[in-house]
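**Student:** Residue numbers (the working numbering): 1 to 118. Just so you know, even glycine gets a beta-carbon here, dropped at the ideal spot from N, CA and C. As the structure is a computational prediction, the values presented were derived from the model and not from experiment.
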Amino acid sequence: MSELRFVVVRDYNGKPVRNAAIVLHPVNKKGRQTRGGLELKTDNEGRTNIDGIPYGPLRIQVLAPGFQTFGEDYEINKPALEIMVKLKRPGGQYSIYDNAGDAKKTEDKKPPEAKPQP
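1. Which residues mark the beginning and the end of the beta strand (DSSP E) in which residue 27 is found?
2. Helix, strand or coil: which one does DSSP assign to residue 18?
3. Spatial neighbours of residue 45 within its chain, please: CB distance less than 6 Å, with the 5 preceding and 5 following residues excluded, ordered by chain position.
4. When the distance is taken between beta carbons, is residue 60 closer than 8 Å to residue 96?
5. Does DSSP put residue 183 in a helix, a strand or coil?
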């Protein structure tokens, strides 16, 4: 069994992220997530820990409002392991349906003016 310690900080300035949710999912030999799992919350210092985690693969997800979701698989193979997670700000969102050039063209078009009938 292993003791896991987590530290969650902001990527851009290294300050701790409090109340981040850390979700631990067991992973089977085929690399698929199995049922069950645990959720931890970080304290004001961005830290949390848990004892009694069995050796083997473990999928770790970290979620916090205002940050990108972090997810990675780890091989638990030591009696104690500290994992530092640096959360990033959300990136810009893109859509295949948006086309800035077409949007601008439609804004520039004016409806044809009505010509007086003779």
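**Tutor:** In terms of the structure at hand:
1. If you number the sequence shown from 1, residue 27 lands on position 27. Element bounds for residue 27: n/a, residue is neither H nor E.
2. Position 18 of the sequence shown, counted from the start, is the residue given in the question as residue 18. In the structure shown, residue 18 sits in coil (DSSP, three-state: anything other than H, G, I, E or B).
3. Taking the sequence shown and counting its residues from 1, one reaches residue 45 at position 45. Only 16 meet the Cβ criterion.
4. If you number the sequence shown from 1, residue 96 lands on position 96. If you number the sequence shown from 1, residue 60 lands on position 60. The answer is no: Cβ separation not under 8 Å.
5. Since the first residue shown for the chain is 1 and the last is 118, residue 183 is missing from the structure and cannot be characterised.
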